[in-house]
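Reminder that position 15 of the sequence shown reads as 585 in our numbering, one-by-one numbering, no gaps. Working notes for the structure below.
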Amino acid sequence: MAGVAATLTSWNPGRTRITAPPRATFTSLNRGATIGQPHDLAQQRRILEATLALLAQEAPLQPVLLSEKA
571 MAGVAATLTS WNPGRTRITA PPRATFTSLN RGATIGQPHD LAQQRRILEA
621 TLALLAQEAP LQPVLLSEKA
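Below, the structure written as structure tokens:
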């Protein structure tokens with residue numbers, strides 16, 4: 571399928587699944603810290619890299635649950 575590859579990360583799987591993104595990662599982090607805790611650059615980088623890595627795969631994919639916690 572031609573088009574722009576897209577991916578998404580979210581803390582709220584219930585609402586995100588309704589939109590059916592082609593690729594998605596979910597975290598157990600708090601609202602407002604979707605990509606990682608403030609000032610935790612290592613965590614933010616892990617989440618961002620895991621989310622962007624999905625772009626290398628053909629869509630649609632099942633959402634990926636990341637083990638990142640607050």
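Think of the CB as a built atom: it goes at the ideal place given N, C-alpha and C, for glycine as much as any other residue.
Per DSSP, what kind of secondary structure is Ala594 in: helix, strand or coil? On the sequence shown, position 24 is the one that residue 594 refers to. Of the three classes helix, strand and coil, the one that applies to Ala594 here is strand, per DSSP.
Best match in Glu638, Ser598, Ala575 and Thr577 for proximity to Pro583 [C-alpha to C-alpha]: The count along the sequence shown starts at 1 and reaches residue 583 at position 13. Among Glu638, Ser598, Ala575 and Thr577, the Cα nearest to that of Pro583 belongs to Ser598.
Can you tell me which of the three DSSP states Thr604 falls into? If you number the sequence shown from 1, residue 604 lands on position 34. Coil, per DSSP.
Have a look at Thr595, Ala629 and Glu638 and flag the residue whose alpha-carbon is nearest the alpha-carbon of Thr579. Residue numbering aside, residue 579 sits at position 9 when the sequence shown is read from its first letter. The option with the nearest alpha carbon to Thr579 is Thr595.
Rank Lys639, Leu635 and Ala640 by C-alpha distance to the C-alpha of Thr586 and give the top, closest one. Here residue 586 refers to the residue found at position 16 when the sequence shown is read from its first residue. Minimum Cα distance to Thr586 is reached at Leu635.
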